[in-house]
Amino acid sequence: MATVLTASLSSNRSGNGDISVAIMTSFSGKGVCSFQLPGGTLGDLQKVLCDPRGPMFWYYPWSRLLFYTEDEPLRPLDMNLQLDAFDSLVIKRGDMEACLERYPHVGKFLDAVRRNKFDPRSAKFDAMWTARSAPTVPADEAEAMVHEVLSGWPIHADSELHFVRIFGELTALGETWNMLHLGLLQNYEGLRRFKHLASNHWLEVARVAATSVITEAPPILLLKRGISGCVLGCGVIGDAFPDNFDAELTQCGYLDVS
């Protein structure tokens with residue numbers, strides 16, 4: 110369950126305009142930190158709470174927050190609103206950051222795709238790459254790459270979240286299948302670029318699904334799972350391989366996509 114915090118705000122009795130802030134966990138009521146602010150906006154409060162040297166960062170190292178009222182817990186407040194307008198606030202971690210925390214491999218995959226680490230024809234090819242062993246990509250860098258992937262597309266308010274979820278689910282399942290292990294693929298003529306092509310294809314599927322109203326679905330490569338949940342193979346929805354799959358792969362005879 111996502112952590113939810115509550116902020117109690119009160120004007121300082123000295124009358125100097127300062128606001129006393131007490132942060133606690135919503136469900137247990139356990140105190141997290143308390144401090145004073147010289148007035149300001151919700152945006153100013155976010156800066157203090159997300160400051161690596163601030164009073165809350167040691168407990169909750171979050172980089173983006175969403176503020177709500179108890180009466181409207183699903184409607185984020187404008188960061189320009191003044192703090193003295195509120196007696197209490199509900200605080201949640203920024204949706205995008207929380208989503209990337211749920212799918213930590215998304216940043217790793219986007220970085221690898223961008224650097225051509227899956228392509229054996231590339232000088233940066235890394236046959237030992239796995240999502241588990243790849244270095245962690247900070248949330249702000251992963252978010253910047255998501256912005257880059259969707260740049261120029263007709264996005265809506267939830268496009269970035271949808272992209273991360275779709276790409277995250279596809280690639281997470283792919284990592285469980287031996288036939289998408291880079292080292293193993295290099296032993297099979299015709300399959301050496303399979304992970305490179307599949308990852309780029311899934312990136313495109315996630316991008317289209319997150320930004321567009323699909324009137325005619327293009328061919329989509331999906332993985333098949335057995336009764337136990339293990340990946341057994343792959344299949345194509347449509348009458349042909351995805352457009353980015355080259356002839357070497359589609360004609361190698363190793364893939365059963367029926």
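The sequence shown begins at 110 in the working numbering and counts up by one. Ideal placement from N, C-alpha and C gives every residue a C-beta, glycine not left out.
In this structure, the alpha-carbon of Glu284 lies about 23 Å from that of Ala232. A contact is defined here as three or more CB-CB pairs under 8 Å, and the region 160-170 fails this definition with respect to the region 182-192.
In the DSSP assignment, Thr134 falls within the beta strand (DSSP E) that extends over Ile128 to Thr134. Where Ala356 is concerned, there is no enclosing beta strand (DSSP E), although the alpha helix (DSSP H) around it starts and stops at Ala356 to Thr359. Between the region 296-303 and the region 236-250 there are fewer than three inter-stretch CB-CB distances shorter than 8 Å, so the stretches are not counted as touching. Counting other Cβ atoms within 10 Å of its Cβ, Met288 reaches 16 or more and is therefore classed as buried.
Within the DSSP secondary-structure output, Phe144 pairs in a beta bridge with Val130.
In the DSSP assignment, Val113 falls within the unbroken beta strand (DSSP E) covering Val113 to Ser120. Each of Ser135, Val157 and Ser268 was checked against the Cα of Phe144, and the nearest Cα belongs to Val157. For Phe176, the enclosing beta strand (DSSP E) starts and ends at Leu174 to Tyr177.
In summary, Gln191 is exposed, with fewer than 16 beta-carbon neighbours lying within 10 Å of its beta-carbon over all protein chains present. Across the set Arg223, His290, Pro170 and Glu313, the C-alpha of His290 shows the shortest separation from the C-alpha of Val340. Taking a C-beta distance under 9 Å as the contact criterion, Lys201 and Leu219 do not qualify as a contact pair.
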